[in-house]
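Reading through the structure tokens given below for one structure.
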Amino acid sequence: MKTCTPAFPKARLAAAAGLALALCYSTLAAAEVKGNVTYQGKTWNAADAIAYENFMGVVLAFSKLPWDRGAWADDGVFDEADVYGVQNKAIEPFFTIEIRTDGTYKQHQMKQDRFAPGEGQSDAGAPALKLQQHSPARVAGTFKFTDEAYKVDLSFDLNVLKDKAVLPFPGTPLAADGGAPGKALLATLAAAASGDIKQILALSPPDKRAQMQAASQKPDFAKLLAMQKAMTPTGIKISGGSALADRAWVNFAGASEGKPMTGTAMMFRADGQWYLRSLKTKQ
């Protein structure tokens with residue numbers, strides 16, 4: 004798998020960013036969780052949870068907001084950085100319980116930054132953790148704990164995500180031709196390959212058109228269009244994908260610089276029209 008950014012010199016990055024089509028070759032359900040967490044007098048209901056593998060064992064993470072699982076899938080694999088908001092930009096603090104490889108309790112705490120110590124960190128919760136299931140693939144049980152800082156009452160049944168696990172794209176399957184997102188992808192790539200600025204503008208997201216128009220006034224804009232044209236995959240054949248609300252992932256095969264490749268286009272919908280956000284390819 005290959006992820007790349009447009010190969011423009013730094014001095015041209017601002018202009019390149021204006022190219023909405025700049026090609027950055029770059030059915031996950033919410034978990035079963037019930038209960039709430041009170042920390043320092045503030046209570047919230049657990050809306051989402053995840054269990055994931057780390058070097059010590061398994062971490063259970065409970066959040067009052069659903070995680071953006073579509074964003075987790077965008078980069079192809081799951082890792083701890085997803086939980087801490089690298090894909091989600093900013094998240095609320097969440098509650099974690101750490102379990103050792105042998106199934107014994109290690110600690111619990113409020114966390115937001117994986118590089119900083121947790122708040123309310125405690126190793127006193129061993130009696131509160133009751134596991135009905137503990138295996139490399141699944142963990143289920145309850146955690147009921149009260150002290151001066153905490154009052155926690157949670158039940159959970161979670162599949163354990165492996166580090167670097169490949170995640171399926173969420174949502175419902177697209178038709179074999181990619182449906183509306185697939186048609187938008189083909190039109191967008193055709194416009195990029197044409198080098199015609201009018202076609203490119205017509206298929207660019209509304210918030211990027213002004214940037215592109217400004218970039219088109221630069222002396223080296225023609226060179227940027229030529230570079231984009233050279234980077235555009237050719238001979239594209241779509242093989243379905245998945246859609247979730249206003250996002251879609253379209254699978255395709257084609258050629259890049261004369262070599263066969265496959266990939267996924269990340270699409271988004273705005274004002275009823277589908278647009279290309281980025282491409283992820285491998286040769």
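Everything in the sequence shown is counted per the numbering used here, starting at 4 for the first residue and increasing by one.
Think of the CB as a built atom: it goes at the ideal place given N, C-alpha and C, for glycine as much as any other residue.
Check: Could you check where the alpha helix (DSSP H) with Pro263 kicks off and where it finishes?
Finding: First-last for Pro263: Lys262 to Ala273, but that is the beta strand (DSSP E), not the alpha helix (DSSP H).
Item checked: Residues that Met113 bridges to, as DSSP identifies them -> In the DSSP assignment, Met113 is bridged to Phe98 and Glu122.
Check: For Gln43, which option in Glu122, Ala248 and Lys147 has the closest C-alpha, if you only look at C-alpha atoms?
Finding: Closest option to Gln43, Cα to Cα, is Glu122.
Item checked: Identity of the residue in Asn39, Lys285 and Ser281 nearest Val155 by Cα -> The residue from Asn39, Lys285 and Ser281 with its alpha-carbon nearest to that of Val155 is Asn39.
Margin query: Let me check one thing: in DSSP terms, what residues is Glu35 bridge-paired to?
Written below: DSSP output for Glu35 lists Asp160 as bridge partner(s).
Checklist line | Touching by the beta-carbon criterion (3+ pairs, under 8 Å), the segment 183–193 and the segment 237–256 | finding: Between the segment 183–193 and the segment 237–256 there are three or more C-beta pairs closer than 8 Å, enough to call the two in contact.
Checklist line | Phe148 - DSSP class collapsed to helix/strand/coil | finding: The DSSP-derived three-state label of Phe148 is strand.
Checklist line | For Lys109 and Pro130, the rounded distance between their alpha carbons | finding: The C-alpha of Pro130 lies about 11 Å from the C-alpha of Lys109.
Notebook entry, point to check: In terms of alpha-carbon separation, which member of Pro263, Ile53, Lys45 and Ser281 lies closest to Asn162?
Noted result: Of the residues Pro263, Ile53, Lys45 and Ser281, the one whose Cα lies closest to the Cα of Asn162 is Ile53.
Checklist line | Those residues which DSSP pairs with Ile239 across a bridge | finding: Per DSSP, Ile239 has no beta bridge partner at all.
Next item on the list: Tell me whether the beta-carbon of Met270 lies closer than 8 Å to the beta-carbon of Pro236.
Entry: Not closer than 8 Å, so no.
Notebook entry, point to check: What is the residue span of the beta strand (DSSP E) that Leu63 lies within?
Noted result: Here the beta strand (DSSP E) through Leu63 covers Gly60 to Ser66.
Check: Under the rule that 16 or more other beta-carbon atoms within 10 Å means buried, what is Lys114, buried or exposed?
Finding: Label assigned to Lys114: buried.
Notebook entry, point to check: Thinking C-beta only, is Pro171 closer than 8 Å to Leu247?
Noted result: Their beta carbons are not under 8 Å apart, which means Leu247 does not touch Pro171 by this criterion.
Item checked: DSSP three-state assignment for Trp75, whether helix, strand or coil -> The three-state secondary structure of Trp75, taken from DSSP, is helix.
Notebook entry, point to check: What's the C-alpha gap between Pro120 and His111?
Noted result: One alpha carbon belongs to Pro120, the other to His111, and they sit about 12 Å apart.
Notebook entry, point to check: Looking at the structure shown, is Phe255 part of a helix, part of a strand, or coil, going by DSSP?
Noted result: If DSSP states are grouped into helix, strand and coil, Phe255 belongs with the strands.
Notebook entry, point to check: Measuring CB to CB, does Ile102 end up less than 8 Å from Val61?
Noted result: Against a cut-off of 8 Å, the Cβ pair of Val61 and Ile102 comes out as a contact.
Note to self: Given this structure, state the Cα-to-Cα distance separating Leu228 from Gly261, to the nearest angstrom.
What the structure shows: Distance between the alpha carbons of Leu228 and Gly261: 19 Å.
Checklist line | Identified DSSP bridge partners for Arg307 | finding: Lying outside 4 to 286, the shown extent of the chain, residue 307 is not represented and no answer is given.
Check: What does a CB cutoff of less than 7 Å around Asp160 pick up in its chain, not counting 5 residues either side in sequence?
Finding: The residues are Glu35 and Ala143.
Check: Where does Gln220 fall in DSSP's three states?
Finding: It is coil, neither helix nor strand.
Notebook entry, point to check: Taking all protein chains shown into account, do 16 or more other C-beta atoms lie within 10 angstroms of the C-beta of Met234, making it buried, or fewer, making it exposed?
Noted result: Looking at its Cβ environment, which holds 16 or more other Cβ atoms inside 10 Å, Met234 is buried.
Notebook entry, point to check: So, is Ala273 buried or exposed, given that buried needs 16 or more other C-beta atoms within 10 angstroms?
Noted result: Exposed, by the Cβ-count rule.
Notebook entry, point to check: What is the rounded straight-line gap between the Cα of Trp252 and the Cα of Gln124?
Noted result: Their backbone Cα atoms lie some 39 Å apart in a straight line.
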